[in-house]
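Student: Residue numbers (UniProt numbering), protein chains in the order written: chain U, 1 to 280; chain C, 1 to 365.
Have a look at this one before I ask anything.
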Ligand SMILES: Nc1ncnc2c1ncn2[C@@H]1O[C@H](COP(=O)(O)OP(=O)(O)O)[C@@H](O)[C@H]1O
Ligand SMILES: [Mg+2]
């Protein structure tokens with residue numbers, strides 16, 4: 001690895017990475033700055049980067065402005081976790097089947113999965129609404145969980161399938177020769193080896209679930225207590241004024257637990273995304 | 001009793017036919033090696049015996065019972081894979097115990113069996129390690145351990161030594177032969193290395209292009225190769241083939257070798273006639289430096305100490321390799337006259353089939 005790049009190339013690489021990171025992180029930084037500003041600052045011109053009356057007041061006042069904020073944050077995480085858990089229950093056996101078994105319409109159905117992914121949830125909102133209504137699921141957690149799971153299964157299958165395909169077939173053949181059933185092999189051999197892949201897919205599904213819940217929440221759920229954070233943030237938009245600083249503070253606090261989890265899993269994410277790239 | 005009989009096994013992948021009508025009768029406790037060049041169908045045949053692949057046609061009998069549709073465990077086979085196929089997340093102990101765990105064997109007996117296998121394979125102090133912490137030879141032994149705990153009737157090995165370095169391979173050859181004696185089981189061993197085949201096998205199956213070229217003991221194959229392919233494959237360095245013309249077929253086969261040397265060879269002449277083109281096969285170790293014989297131009301001389309291997313040609317384009325005494329006085333770029341005894345010659349007709357030798361050495365057991 002060492003000395004693979006010249007100093008100049010390294011400088012170039014770091015420069016590009018820096019640009020990219022700034023592009024990605026600037027909105028978060030601005031969110032943070034906005035959350036510190038007193039409200040009247042936000043509309044002041046010219047833009048003032050720093051002033052002495054910055055404070056963390058918004059972080060305490062937001063709980064009063066929107067009393068259910070804690071509940072919203074919990075809902076967000078609860079829904080995303082439920083979606084992830086249920087999705088994985090479906091994705092693991094399906095991805096394994098696509099990776100290893102032969103069955104009719106295998107490639108066709110995989111292509112259809114990908115095709116479904118091309119539709120955004122938005123296109124299907126009205127039919128989905130009718131389905132959920134006839135099943136009596138509107139205004140429950142299920143209204144946000146079920147469509148979430150449905151839209152994430154295809155992505156999950158695609159991601160996990162390619163990971164499972166990299167597990168040497170001979171390991172499974174060895175287990176088969178020794179008398180292990182498919183399920184036993186899956187449990188004792190394949191899944192333990194697929195842990196990095198499962199984490200990558202789990203995280204990807206979680207992100208997906210977190211991102212899409214807003215749309216489902218505002219369409220399929222009217223119950224305040226069940227709203228996730230992105231929908232709950234709407235309550236910072238009052239009749240007279242919008243407390244932007246508190247909204248930004250709430251948004252940051254809401255994503256904080258997720259960020260912490262990601263920091264923990266980062267090692268697996270990197271390992272998972274590069275697995276198979278290096279001969280072991 | 002675990003005899004292994006293959007009755008007319010054929011295998012096609014889609015339209016590609018990779019095994020053609022293979023019939024073999026392998027005896028109980030025999031060590032049989034399938035040998036042949038890469039892609040000739042050795043692994044496919046082994047996998048069909050294992051039950052990992054289904055034969056397109058034909059039957060497999062183990063101990064006289066038709067097991068063509070049976071599960072590997074019910075066939076009573078176990079298999080050692082080329083890549084070892086160890087489970088990287090399990091300890092050596094759990095790897096060896098795996099087939100017993102599948103059977104839900106009672107703890108005490110399982111422990112006893114795993115420890116016994118570990119003892120045979122000198123892995124007792126490695127039981128807590130993961131496969132990743134072992135050397136190649138040790139991994140190989142774990143893979144063998146996993147295959148013996150189940151007490152199968154037939155062991156199948158697919159190129160088990162090909163991932164090891166040369167020195168270790170030599171040691172493992174000896175260990176495997178020892179293991180075969182200790183376990184007293186039928187073993188089928190696949191390799192592309194004719195040295196492994198010659199040294200370990202009771203009998204060798206030479207495969208080529210999905211067909212059995214010959215099935216016999218190592219010395220049978222060495223002294224009586226049935227085809228030019230077997231003759232060229234068995235023996236190190238490889239046999240030389242000299243294009244020759246038949247002059248007469250009465251009282252042995254009179255031929256004129258390329259380069260003009262004439263010989264009368266003691267072989268069966270019923271299938272050839274005067275004027276036919278045949279190939280005379282001569283093993284490098286069967287030639288001596290002399291005054292009459294074939295004239296060979298020496299290009300390279302490799303001095304190994306005990307022997308010197310000369311690589312050269314007859315008349316520029318027929319390659320000829322000779323194994324000469326270590327201190328032979330031959331110059332690279334020079335030429336040398338090599339004497340060949342008629343009874344050492346093998347003769348192959350235009351289709352590559354041998355003309356049976358009539359004065360070959362007696363076979364040792
Ligand atoms: N699953 C398969 N599908 C299609 N062709 C195969 C398959 N397995 C093996 N073959 C073909 O069968 C032939 C024999 O393969 P193999 O038995 O692995 O040879 P060997 O072990 O002697 O090197 C090869 O030409 C190979 O390409
Ligand atoms: Mg092979």
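Ideal placement from N, C-alpha and C gives every residue a C-beta, glycine not left out.
#1: Cutting at 8 Å between CB atoms, please list the residues of its own chain near residue 244 of chain U, excluding the five before and the five after it.
#2: Along chain U, which residues have their Cβ under 7 Å away from the Cβ of residue 103 of chain C?
#3: In chain order, what are the residues with a CB under 5 Å from some non-hydrogen atom of ligand 4?
#4: If you pair each beta-carbon of the stretch 264 to 281 of chain C with each one of the stretch 339 to 359 of chain C, do three or more pairs fall below 8 Å?
#5: Once you ignore the five residues that flank residue 268 of chain U on each side, which residues in its own chain have a CB closer than 6 Å to its CB?
#6: Can you pull the chain U neighbours of residue 83 of chain C, defined as C-beta to C-beta under 7 Å?
#7: When you compare only the Cα positions, how much space is there between residue 184 of chain U and residue 103 of chain C?
#8: Kindly indicate the opening and closing residues of the alpha helix (DSSP H) around residue 40 of chain C.
#9: At which residues does the alpha helix (DSSP H) containing residue 107 of chain U begin and terminate?
#10: Run through chain C and tell me which residues come within less than 9 Å of residue 164 of chain U, C-beta to C-beta.
#11: Are the stretch 31 to 47 of chain C and the stretch 241 to 255 of chain U touching, with three or more C-beta to C-beta distances below 8 Å?
#12: Does the beta carbon of residue 158 of chain C fall short of 7 Å from some heavy atom of ligand 2?
#13: Report the three-state DSSP secondary structure of residue 20 of chain C (helix, strand or coil).
#14: Between residue 253 of chain C and residue 246 of chain C, which are expected to be in contact by the criterion C-beta below 8 Å, what is the C-beta distance as a whole number of angstroms?
#15: How is residue 128 of chain U classed by DSSP in three states: helix, strand or coil?
#16: Which one or two residues does DSSP pair with residue 263 of chain C in a beta bridge?
#17: When the Cα atoms are used, what is the spatial distance from residue 18 of chain C to residue 91 of chain C?
#18: Cβ of residue 176 of chain U less than 8 Å from any chain C Cβ?
#19: Hey, would you say residue 155 of chain C sits closer than 8 Å to residue 78 of chain C, going by beta carbons?
#20: Give the interface partners of residue 78 of chain C over in chain U, defined as CB-CB distance under 8 Å, in chain order.
#21: So, does the CB of residue 403 of chain C fall closer than 8 Å to a CB anywhere in chain U?
#22: Classify residue 61 of chain U as helix, strand or coil using the three-state DSSP reduction.
#23: Considering only DSSP beta bridges, list what residue 211 of chain C is partnered with.
#24: Could you check what DSSP says for residue 295 of chain C in three-state terms: helix, strand or coil?
#25: When you compare each of U:240, U:226, U:261 to residue 68 of chain U by their alpha carbons, which one comes out closest?
#26: Output needed for residue 157 of chain U: all residues of its chain with C-beta closer than 7 Å, excluding positions within five of it in sequence on either side, in chain order.
#27: For residue 57 of chain C, name the three-state secondary structure that DSSP assigns.
#28: Find the residues of chain C that neighbour residue 268 of chain U, judging by a C-beta separation of less than 8 Å, and give them in chain order.
#29: I'd like the list of long-range same chain contacts for residue 22 of chain C, defined as Cβ closer than 6 Å, with 5 residues on each side in sequence excluded.
#30: What are the start and end residues of the beta strand (DSSP E) that includes residue 322 of chain C?
#31: Where does the unbroken beta strand (DSSP E) through residue 10 of chain C begin, and where does it stop?
#32: With three or more beta-carbon pairs closer than 8 Å as the criterion, would you say the stretch 38 to 53 of chain C touches the stretch 102 to 116 of chain C?
#33: For chain U, is any of its Cβ atoms less than 8 Å away from the one on residue 224 of chain C?
#34: Using the Cα positions of residue 274 of chain C and residue 361 of chain C, report the straight-line distance between them to the nearest angstrom.
#35: Could you tell me the alpha carbon to alpha carbon distance between residue 2 of chain C and residue 107 of chain U, rounded to whole angstroms?
#36: In this structure, does DSSP put residue 141 of chain C in helix, strand or coil?
Tutor: On the basis of the coordinates in this document:
#1: 34, 39, 42, 236
#2: 179
#3: With respect to ligand 4, the structure offers nothing, as its ligand set consists of ligand 1 and ligand 2.
#4: yes
#5: 196, 199
#6: 168, 170
#7: 11 Å
#8: Careful: residue 40 of chain C lies outside any alpha helix (DSSP H) and carries neither H nor E.
#9: 106 to 118
#10: Those do not exist, as residue 164 of chain U stays about 15 Å from chain C at its closest Cβ, beyond 9 Å.
#11: no
#12: yes
#13: strand
#14: 6 Å
#15: helix
#16: C:255
#17: 38 Å
#18: yes
#19: yes
#20: 177, 178
#21: Nothing in the structure corresponds to residue 403 of chain C, since chain C is present only between 1 and 365.
#22: helix
#23: C:208
#24: strand
#25: U:226
#26: 91, 94, 95, 98, 113
#27: strand
#28: Those do not exist, as residue 268 of chain U stays about 15 Å from chain C at its closest Cβ, beyond 8 Å.
#29: 6, 9, 212
#30: 318 to 325
#31: 4 to 13
#32: no
#33: no
#34: 27 Å
#35: 43 Å
#36: helix
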